[in-house]
Amino acid sequence: MVRTGLFFITVATSVIFYTACKKVEPIEIPDPGTPSNKVSLVLSIVPYQKLSSYRFFQGDIKNQQPADGVMEYEPISSLFTDYALKKRFIWMPDGKSADYVADSDILNFPVGTALIKNFYYDHVMPGDVTKILETRVMIKKASGWIFAEYIWNEEQTEAYLDMNGGYVDITWNRNGQELSTNYRIPSETECKVCHKLNDVPIPIGVKPQNMNKNYNYPDGVKNQLQKMIEMGYLSGSLPPNINTVVNYSDATQPLELRLRSYLDINCAHCHSAGKHCDYRPIRLGFSETVSKTNMGLCVEPGEMIDPAMNYIISPSNINRSVMHFRLNATNESVRMPLLGRTLVHQEGVQLLEDWINSIEFCE
Amino acid sequence: MKRKLFLVTAALPLVLTDVVAQSTCNTALPVTAGLYTVDVVDGTEVPMPVCAPNGTGASAGKWYVYTPTDNYTVRVSTDLSQNTGKDTRVHIYTGSCGALVCHAGDDDSGAGYLSLIDFSVTQGVTYYIAFDNKWNSTGFDFTITETPFVEPPVYPVTFTENYFPSITGDYKIAIADMNGDYLDDIVTVSPNQVQIHYQQVSGAYTNTTYPVNITYLPSWSMAIGDIDKNGFNDLVLGAGSGVTFLYANATGTGFTEVTGSQYVFSQRTNFVDINNDGHLDAFVCHDVDPNVYYLNDGTGVLTFHQGGLGDHDEGGNYGSVWVDYDNDGDADLFIAKCRGGSSTAKFNELHRNDGNGVFTNVSTAANMYDPVQTWSSAWNDYDNDGYMDALIGASSFTDGSHKLMRNNGDGTFTDITSGSGWETNTQSSIEYVTFDFDNDGYADVMGGNQSISFNNGDLTFTPMSYSFPVGSVGDMNNDGFLDVQNGSRIYMNDGNTNNWLKIHLKGTASNINGIGARVELYSGGMKQIRDVRSGEGFRHMHSLNVHFGVGTNTTIDSVLVHWPSGTIDNVLAPDVNQSVLVIEGAHPLGLLEVDGQKVELYPNPASDQLSIKNLNAEDVESMRIVDVQGREIMTLGQPSSTLNISSIQSGMYILQVDLKNGKRYSDSFIKK
Chain Z
0 MVRTGLFFIT VATSVIFYTA CKKVEPIEIP DPGTPSNKVS LVLSIVPYQK
50 LSSYRFFQGD IKNQQPADGV MEYEPISSLF TDYALKKRFI WMPDGKSADY
100 VADSDILNFP VGTALIKNFY YDHVMPGDVT KILETRVMIK KASGWIFAEY
150 IWNEEQTEAY LDMNGGYVDI TWNRNGQELS TNYRIPSETE CKVCHKLNDV
200 PIPIGVKPQN MNKNYNYPDG VKNQLQKMIE MGYLSGSLPP NINTVVNYSD
250 ATQPLELRLR SYLDINCAHC HSAGKHCDYR PIRLGFSETV SKTNMGLCVE
300 PGEMIDPAMN YIISPSNINR SVMHFRLNAT NESVRMPLLG RTLVHQEGVQ
350 LLEDWINSIE FCE
Chain S
0 MKRKLFLVTA ALPLVLTDVV AQSTCNTALP VTAGLYTVDV VDGTEVPMPV
50 CAPNGTGASA GKWYVYTPTD NYTVRVSTDL SQNTGKDTRV HIYTGSCGAL
100 VCHAGDDDSG AGYLSLIDFS VTQGVTYYIA FDNKWNSTGF DFTITETPFV
150 EPPVYPVTFT ENYFPSITGD YKIAIADMNG DYLDDIVTVS PNQVQIHYQQ
200 VSGAYTNTTY PVNITYLPSW SMAIGDIDKN GFNDLVLGAG SGVTFLYANA
250 TGTGFTEVTG SQYVFSQRTN FVDINNDGHL DAFVCHDVDP NVYYLNDGTG
300 VLTFHQGGLG DHDEGGNYGS VWVDYDNDGD ADLFIAKCRG GSSTAKFNEL
350 HRNDGNGVFT NVSTAANMYD PVQTWSSAWN DYDNDGYMDA LIGASSFTDG
400 SHKLMRNNGD GTFTDITSGS GWETNTQSSI EYVTFDFDND GYADVMGGNQ
450 SISFNNGDLT FTPMSYSFPV GSVGDMNNDG FLDVQNGSRI YMNDGNTNNW
500 LKIHLKGTAS NINGIGARVE LYSGGMKQIR DVRSGEGFRH MHSLNVHFGV
550 GTNTTIDSVL VHWPSGTIDN VLAPDVNQSV LVIEGAHPLG LLEVDGQKVE
600 LYPNPASDQL SIKNLNAEDV ESMRIVDVQG REIMTLGQPS STLNISSIQS
650 GMYILQVDLK NGKRYSDSFI KK
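One line per chain: the protein sequences are Z and S, in this order.
Going by numbering that gives the first Met the number 0, the residue at position 118 of the first sequence is 117; the numbering climbs one at a time, nothing skipped.
Going by numbering that gives the first Met the number 0, the residue at position 282 of the second sequence is 281; the numbering climbs one at a time, nothing skipped.
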């Protein structure tokens with residue numbers, strides 16, 4: 000970047016309007032009464048300045064080994080974020096549990112819940128090492144969910160609270176192919192673009208439809224929802240049948256089900272009622288894409304990018320399908336999803352392409 | 000074996016005949032009204048030029064020739080039940096093979112992707128009907144139907160597509176004069192360069208690229224203005240995570256990047272003198288936080304600010320436009336807003352400029368606090384009453400439709416959408432911009448898919464479809480008719496017989512571009528106004544030159560330029576169909592203020608009574624009304640703040656006021 004004598008100054012008076020800065024508190028005092036092997040989460044104090052202060056992980060935190068009471072889980076289909084790998088965990092205070100609401104709704108979590116998500120890459124160059132970039136924590140206070148964003152240090156010994164976002168240049172080897180990106184760590188504001196319902200912060204992935212699968216726990220393979228019940232984290236009864244997404248990477252599953260699962264986890268956080276872009280005609284939640292019209296089949300786009308792309312999805316014609324164009328784009332004003340990726344998710348685009356080519360007519 | 004061979008040899012000449020007969024223009028198959036089958040689109044001559052939407056890309060064609068025996072309105076259609084699910088495109092030509100001229104064309108007007116085109120034909124003229132394989136080569140049926148001649152809809156103006164392959168770059172979204180000759184240039188931005196096509200007096204363009212590494216590209220929008228007053232325009236680029244400024248050097252031969260460290264999810268960018276200190280500042284809509292702006296210290300150094308100009312915690316700011324809605328001489332801020340769900344971030348905002356950088360949110364009081372999902376609004380004086388009205392263009396109809404808001408002149412707006420034509424306009428877009436495209440003296444609106452809504456002069460609008468969506472607007476062949484650039488294509492306005500005037504501004508005390516100036520044009524009893532803006536609509540940058548159409552008027556009484564500094568220039572009786580350069584202060588009019596208060600005439604235009612605001616009759620020595628030639632029409636012995644002007648003829652006049660302290664005040668008004 001070329002710079003001259005001309006420069007910018009941030010004027011102090013403007014800081015009060017700068018939401019990304021205002022919630023940082025210089026306090027970090029985990030409850031001294033907590034035994035050192037237990038999670039410490041004092042609602043009146045969090046977010047802590049250091050990730051280690053929560054004691055979510057046992058041993059060397061870079062090993063991402065959950066502490067007692069911290070439950071690892073994985074959604075059946077996951078959000079694409081420039082091929083970053085993720086580990087996800089839930090923790091709740093003793094004696095507290097979540098309730099089932101609906102297959103397609105987030106669980107009703109108790110106050111005190113923490114949802115923890117580490118973003119990392121394997122085979123990072125140079126050195127072919129694993130590197131954790133960030134840990135996103137959502138904590139439910141009495142007043143609602145808050146975001147706490149932690150950025151890991153080079154040494155991978157600690158992650159520090161930073162709500163202003165940032166960039167990390169990263170190059171890694173993925174299945175023999177070297178990939179690079181200027182990885183974006185979101186600011187608090189960016190977190191909220193996706194994580195909200197009518198301006199109120201909410202989680203996204205922790206819905207029965209996404210959780211209802213087996214996971215290999217240290218004590219054996221268990222269904223994740225059953226594991227939550229076993230740990231006392233889910234109370235009440237679950238319905239006998241849960242309308243469940245499939246893993247979009249699983250080629251043995253029906254094509255349309257795979258695409259619907261993909262759209263749910265990658266797109267529905269904006270394209271659903273009450274969300275950032277609910278004024279656009281598509282509805283991409285798993286429970287809503289039973290209608291192909293909700294998926295955009297033969298629906299005119301609200302924003303015309305090119306007159307030739309006159310439908311969001313055109314039967315058997317990717318070149319006339321805006322959704323295909325947007326998923327395949329990197330220019331930030333036309334790409335979709337809006338945030339969270341700079342690379343094209345080739346496998347996701349291929350999935351969409353296969354489905355479009357399987358559709359012969361408008362409904 | 001023999002039999003098989005025989006069959007093949009017998010079939011071959013037939014196939015060859017078929018291919019040859021429709022393969023090229025010269026071998027087009029003669030047709031009349033009826034049903035025809037295209038077996039496969041495989042002819043060797045690709046139909047050119049492209050007369051249908053969606054550009055080049057075909058590799059084969061199928062050709063037919065048709066000569067009507069009478070004048071008809073003809074329909075060529077593939078919109079037939081047996082074609083369901085197919086995708087066709089058709090071009091209709093006049094002229095001769097090798098020199099074909101587009102007459103009509105269609106891609107998708109039928110169901111799905113089938114084609115349907117009506118066009119007028121003249122007895123005895125030869126028309127070529129050519130299908131191409133832009134989308135696929137599969138065969139289909141088509142019909143030619145003749146119906147009695149129907150007068151086609153009359154377009155106020157038409158546009159001719161010109162393809163400029165030399166216009167390259169990642170972001171082709173800006174037009175502005177970049178070298179001080181007031182001819183509109185084409186500016187594109189890429190990660191490592193700025194490309195400028197400089198328009199020459201000859202009409203040709205010279206193409207220059209300037210290397211510069213750019214941190215934040217104009218992925219969301221771009222605006223142009225001369226921040227450091229060095230005579231060469233600078234750029235503000237709005238990206239999803241930040242804002243970059245490109246400063247042109249002192250000779251206009253290179254750019255220097257300056258990028259702020261602040262996270263900004265940019266939407267519309269503007270250059271405007273926010274605090275009215277004579278120096279251009281920059282404003283950037285923030286999608287998800289309060290808006291940001293950059294104040295200029297007078298040397299071109301910008302300081303980041305956030306707060307005070309649209310502070311909704313969740314942002315929702317998409318399309319800012321700086322417009323003097325209350326005619327107090329400074330630019331106010333309207334923000335077109337958008338946000339899903341029940342968030343109040345979707346309510347539009349109007350911020351009144353109270354001077355010295357102080358703004359008051361008057362959205363509700365002005366009747367502009369509306370949840371319609373909009374990414375931009377188009378502001379102009381649609382009824383030529385001297386006040387800026389607004390077309391708030393819907394990007395989605397989920398929270399209301401387009402709104403045409405008439406400025407009442409008292410700081411409030413009235414929704415006059417009903418009956419205006421906008422209430423039945425079901426097209427939407429993210430871009431709405433306003434210019435007088437047909438030079439009839441009434442500002443039109445481009446936006447709503449691919450259309451221009453022409454202003455009928457009575458606050459009703461008629462949308463006309465074109466083949467291109469909103470792009471950058473400027474006069475790309477300097478003929479006084481506004482053209483549209485879209486990517487590497489310029490849609491050149493074919494013009495009509497209406498007259499026009501362009502005003503080129505050069506500020507001295509004010510910013511050099513004259514951004515924020517109010518320009519008034521008086522002609523034939525009609526008053527038109529423009530505000531000079533850098534950044535309107537959503538994404539594009541449009542010409543900074545001021546353009547007026549004046550219809551069939553052949554004379555213009557005067558043009559007044561109200562500069563942001565308060566200086567007024569009065570250009571008397573400029574000829575039509577030319578450009579006039581107005582340098583700030585070169586055409587002085589008179590005193591502006593008495594005891595620090597701006598003197599104003601109202602209503603303006605006036606019928607019988609003309610009142611003077613902020614002028615105490617006791618301070619007045621004498622008053623007189625002169626016409627634009629300077630002839631005295633009326634002397635008023637008894638000073639008064641209300642004048643009876645019922646006896647004077649319609650036209651433009653100047654009121655001169657001599658004060659007891661020896662100062663003279665003058666201002667112009669229109670007698671209806």
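Using N, Cα and C, we set each Cβ at its ideal position, and we do this for glycine too.
Quick one: using the 10 Å Cβ neighbour count with 16 as the cut-off for buried, is residue i buried or exposed?
i, result
"residue 168 of chain S", "buried"
"residue 345 of chain Z", "exposed"
"residue 55 of chain S", "exposed"
"residue 374 of chain S", "buried"
"residue 1 of chain S", "With a pLDDT of 35 at residue 1 of chain S, under the threshold of 50, the modelled position of this residue cannot be trusted, and the question is left open."
"residue 347 of chain Z", "buried"
"residue 93 of chain Z", "exposed"
"residue 290 of chain Z", "exposed"
"residue 218 of chain S", "buried"
"residue 128 of chain Z", "exposed"
"residue 267 of chain S", "buried"
"residue 672 of chain S", "Not covered by the structure: residue 672 of chain S. The range shown for chain S is 0 to 671."
"residue 360 of chain Z", "exposed"
"residue 204 of chain Z", "buried"
Is residue i near the ligand MG, in the sense that its beta carbon is under 7 Å from a heavy atom of that ligand?
i, result
"residue 546 of chain S", "Absence of the ligand MG is noted for the structure shown, with no ligands found whatsoever."
Which chain Z residues sit within Cβ distance under 9 Å of residue i?
i, result
"residue 51 of chain S", "Within 9 Å Cβ-Cβ: nothing; residue 51 of chain S doesn't reach chain Z, min ~10 Å."
"residue 238 of chain S", "331 and 332"
"residue 449 of chain S", "303 and 306"
"residue 368 of chain S", "Per Cβ cutoff of 9 Å: no residues; residue 368 of chain S is ~17 Å from chain Z at best."
Quickly, what does DSSP pair residue i with across the bridge? List them, please.
i, result
"residue 115 of chain Z", "Z/88 and Z/136"
"residue 482 of chain S", "S/473"
"residue 540 of chain S", "S/173"
"residue 160 of chain S", "S/490"
"residue 350 of chain S", "S/332 and S/360"
"residue 65 of chain S", "S/30 and S/126"
"residue 281 of chain S", "S/270 and S/293"
"residue 399 of chain S", "S/397"
"residue 668 of chain S", "S/652"
"residue 622 of chain S", "S/635 and S/656"
Name, please, each residue of chain Z whose Cβ falls closer than 7 Å to the Cβ of residue i.
i, result
"residue 372 of chain S", "278"
"residue 553 of chain S", "In chain order: nothing, as chain Z lies at least about 39 Å away."
"residue 427 of chain S", "301"
Using a cut-off of 7 Å between C-beta atoms, extract the partners of residue i located in chain S.
i, result
"residue 192 of chain Z", "287"
"residue 274 of chain Z", "339 and 340"
"residue 180 of chain Z", "Result: empty, since nearest Cβ-Cβ is about 14 Å, beyond 7 Å."
"residue 164 of chain Z", "262"
"residue 186 of chain Z", "262"
Determine the chain Z residues that contact residue i at a beta-carbon separation under 8 Å, and present them in chain order.
i, result
"residue 397 of chain S", "277 and 278"
"residue 107 of chain S", "309"
"residue 219 of chain S", "331 and 332"
"residue 313 of chain S", "191 and 198"
So with CB distances below 9 Å, who are the chain S contacts of residue i?
i, result
"residue 360 of chain Z", "83, 84 and 111"
Just confirm the distance between the C-beta atoms of residue i and residue j, as a whole number of angstroms; I'd bet it's less than 8 Å.
i, j, result
"residue 410 of chain S", "residue 424 of chain S", "Going by Cβ atoms, the distance from residue 410 of chain S to residue 424 of chain S rounds to 28 Å, so no, they are not a contact pair."
"residue 611 of chain S", "residue 640 of chain S", "5 Å"
"residue 333 of chain S", "residue 376 of chain S", "6 Å"
- Can you give, in chain order, each stretch of the beta strand (DSSP E) that sits fully within the segment 409-482 of chain S and has at least 3 residues? 412-414, 431-434, 443-446, 450-454, 460-464 and 471-473
- Item | Runs of alpha helix (DSSP H) wholly within the segment 154-199 of chain Z (minimum 4 residues, chain order) | Runs of the alpha helix (DSSP H) lying entirely within the segment 154-199 of chain Z and spanning at least 4 residues, in chain order: 187-193.
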